[in-house]
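Beneath this line is the structure, given in structure tokens, with notes to follow.
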Amino acid sequence: MRLTTARVAVAAAGLALVAHSAAHILPRQHSLEEQPSPYQSLQQRDPDAVPDARHAAKAAIDAMNTAFYSQAAGRWADTWWVSAIALQSMLDYMHKTNSCDYMDRARHTIELQKAPVPGREEGGGNFRADSTDDTGWWALAMISMFDLTKDHSYLNISKLDEAYIYKYWTKSPCAGGVYQDIREETYKNAIANELYIFLAAALHNRIPGDKAYLKKAEHAWEWFKKSGMVNIHHRINDGLVSRADGTCVNNGQPVWSYNQGVILGALTELYRATKNKGYLASARKIADGALAKSSPLVRKDGILADPCPGSCNGDMQAFKGIFARNLGVLDSAVGGHPYQSFLQKNAKSAYSKSRDAAKNLYDVH
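Per the numbering used here, the very first residue in the sequence shown carries number 127; after that it's consecutive.
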């Protein structure tokens with residue numbers, strides 16, 4: 127099997143579906159004041175879920191690392207941002223199981239990848255790349271490293287990344303928003319801005335007495351929800367197209383699952399910061415829009431899908447895992463676990479139908 131971005135993306139996505147199949151499979155997300163709960167037996171909590179979810183998640187991580195990780199390069203496969211997703215999967219596992227199983231690999235990855243990005247040396251390293259979304263993925267992983275280690279050096283990297291991304295917020299076109307493409311400055315899209323909202327809110331929640339990051343996060347969300355990217359079905363298209371007068375409209379491009387997912391995590395962070403349930407209500411509208419019967423993101427059998435059947439490239443194959451992760455975060459924050467059954471169904475399907483039992487790798491599902 128050739129080492130490709132597609133394969134590591136699928137492995138990471140399969141891991142996410144298994145590890146985040148429901149709030150009751152692994153310990154729930156906790157507030158900053160709470161300590162992670164020890165792992166409880168899956169069979170004690172949900173006898174119908176993926177058999178031994180902790181073991182399945184660890185087996186998927188181990189397989190991903192064995193098949194796709196280069197110790198010399200300090201990364202997985204050949205697409206930089208997907209390595210941030212793979213790293214995040216390991217960090218999530220350690221957080222949810224209260225373990226340090228992959229801490230050495232995580233530190234090694236960060237140490238090598240924080241060097242100046244080839245072709246973007248002017249960014250100065252610390253994950254400041256030539257696209258704001260790539261920087262955002264790594265910055266959020268640094269937030270997770272801080273949560274696990276309480277080492278402020280990781281939080282400081284996230285601060286540098288936030289400042290770097292915010293440099294590309296402009297009032298025109300579109301009356302605001304972050305550019306995704308740093309060099310060209312032609313595209314204001316959903317994922318770059320969702321990641322920015324998430325990052326700014328997460329920084330606020332980890333810096334006592336902060337007001338500046340929260341103000342930025344709230345302002346960015348107010349802009350986002352009025353930007354036109356959220357369509358009448360409460361689903362988020364890929365981005366905006368600017369007109370001659372500087373105004374912008376929805377570009378009508380696909381409603382990718384990760385664009386529906388990241389904003390769920392961002393809005394949950396804003397809720398944790400403010401206790402304003404309006405953020406959770408907004409998140410639920412988007413989640414429900416993504417999972418509606420009319421949605422292009424759910425097959426007739428109830429399995430999550432992106433609008434590229436049979437032709438999803440390596441990046442696209444990572445999208446569903448990102449959605450699953452953030453839907454799990456939202457599910458843990460709202461009462462009644464409204465998305466638990468959907469996540470469990472998808473986890474069981476991925477585990478039973480898309481897993482190579484001999485290698486514990488997941489194919490496109």
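Idealized CB from N, CA, C, for every residue including glycine.
| query | How long is the line joining the alpha carbons of S480 and P380, rounded to whole angstroms? | reply | So the two alpha carbons sit approximately 25 Å from each other.
| message | Within the continuous beta strand (DSSP E) that includes S209, where are the two ends? | response | For S209, no beta strand (DSSP E) segment is defined; the enclosing uninterrupted segment is the alpha helix (DSSP H) at 206 to 223.
| query | Using 8 Å as the threshold, is the region 330 to 340 in touch with the region 302 to 314, meaning 3 or more CB pairs across them? | reply | Note that the region 330 to 340 does not touch the region 302 to 314; fewer than 3 beta-carbon pairs, one per stretch, sit closer than 8 Å.
| Where the beta strand (DSSP E) through V367 begins and ends | Counting along the chain, the beta strand (DSSP E) containing V367 begins and ends at 366 to 368.
| 9 Å Cβ cutoff met for L393 and L321 | One thing to note: L393 has its Cβ no nearer than 9 Å to the Cβ of L321.
| What residues match up with D307 in a beta bridge as DSSP calls it? | D307 is bridged to S257.
| request: With a threshold of 16 other CB atoms inside 10 Å of the CB of A484, please say whether the residue is buried or exposed. | output: By the neighbour-count rule (16 or more Cβ atoms within 10 Å), A484 is not buried but exposed.
| query | With 16 other CB atoms within 10 Å as the buried threshold, where does G404 fall? | reply | For G404, the number of other beta carbons within 10 angstroms of its own is below 16, and it is reported as exposed.
| query | Should the region 372 to 386 be regarded as contacting the region 444 to 452, the criterion being three or more beta carbon pairs within less than 8 Å? | reply | Touching, per the Cβ criterion.
| field | Span of the alpha helix (DSSP H), counted from its first residue to its last, around V460 | value | Note, V460: premise wrong, no alpha helix (DSSP H); not H, not E.
| said: Which of the three DSSP states is assigned to V388 in this structure? | reply: The answer is helix: DSSP assigns V388 an H, G or I state.
| task | Can you tell me which of the three DSSP states V375 falls into? | result | If DSSP states are grouped into helix, strand and coil, V375 belongs with the strands.
| query | What did DSSP end up calling Y195 once you bin it into helix, strand or coil? | reply | For Y195, the three-state secondary structure derived from DSSP is strand.
| query | Buried or exposed: where does N357 fall if 16 or more other Cβ atoms within 10 Å of its Cβ makes it buried? | reply | The residue is exposed, with fewer than 16 neighbouring Cβ atoms inside 10 Å.
| task | Verify whether the separation of the beta carbon atoms of A346 and G415 is less than 9 Å. | result | Between A346 and G415, the gap from beta carbon to beta carbon reaches 9 Å or more.
| task | Measuring alpha carbon to alpha carbon, tell me which of T223, K222, D230 ends up nearest D191. | result | The sequence given here has Asn at residue 191, not Asp. Answer by Cα proximity: D230.
| With a CB to CB cut of under 7 Å and the five nearest residues on each side skipped, what residues in its chain are close to G365? | Answer for G365: Y313, K314, N315, A316, M355, N377, Q379, listed in chain order.
| field | Three-state secondary structure (DSSP) of W202 | value | Three-state result, W202: strand.
| V243 bridges to which residues according to DSSP? | In DSSP, V243 forms a bridge with R246.
| task | Would you check if the distance between the CB atom of H360 and the CB atom of K411 is smaller than 9 Å? | result | Yes.
| field | Nearest neighbour of S368, chosen from S353, D273, A399 [CA to CA] | value | For the residues S353, D273, A399, the minimum Cα distance to S368 belongs to S353.
| message | Since L340 and A399 should fall inside the 8 Å C-beta cutoff, what is the C-beta to C-beta distance between them, to a whole number of angstroms? | response | Indeed, because the Cβ distance is near 6 Å, the residues count as touching under 8 Å.
| message | Can you list, in chain order, the residues of its chain with a C-beta nearer than 6 Å to that of Y465? Leave out the 5 residues immediately preceding and following it. | response | Annotation for Y465: L453, D457 place their beta carbon closer than 6 Å to its own, counting only its chain and skipping 5 residues before and after.
| said: Using a Cβ-based criterion (distance less than 8 Å to any ligand heavy atom), does K276 qualify as near the ligand ZN? | reply: This structure does not include the ligand ZN; it has no bound ligands of any sort.
| request: Could you spell out the range, first to last residue, of the alpha helix (DSSP H) harbouring Q443? | output: From DSSP, Q443 is part of no alpha helix (DSSP H); its letter is neither H nor E.
| Within this structure, are the beta carbons of Y228 and L238 separated by less than 9 Å? | Going by C-beta atoms, Y228 is not nearer than 9 Å to L238.
| message | DSSP three-state label for Y405, please. | response | In this structure, Y405 counts as helix in the three-state DSSP scheme.
| task | Decide if Q197 is buried, meaning its Cβ has at least 16 other Cβ atoms within 10 Å, or exposed. | result | Its Cβ having fewer than 16 others within 10 Å, Q197 is exposed.
| Y322 - DSSP class collapsed to helix/strand/coil | Reduced to three states, the DSSP call for Y322 is helix.
| query | Near T258, what residues of its chain come up, given a Cβ to Cβ distance below 6 Å and the 5 sequence neighbours on each side ignored? | reply | For T258, where only same-chain residues beyond five positions count, the Cβ hits under 6 Å are I291, Y294, V304, Q306, A318.
| query | For D489, which of K342, C300, A232, G440 has the nearest alpha-carbon? | reply | Per the Cα distances, G440.
| query | Helix, strand or coil: which one does DSSP assign to L423? | reply | In the displayed model, L423 falls within coil according to three-state DSSP, outside both helix and strand.
| task | For S475, I'd like the list of residues in its chain whose CB is within less than 6 Å of its CB, leaving aside the five on either flank, ordered along the chain. | result | Result list for S475: I429, in chain order.
| From this set, V243, S408, A328, which residue's C-alpha is nearest S284's C-alpha? | Put simply, of V243, S408, A328 the residue whose alpha carbon is nearest the alpha carbon of S284 is A328.
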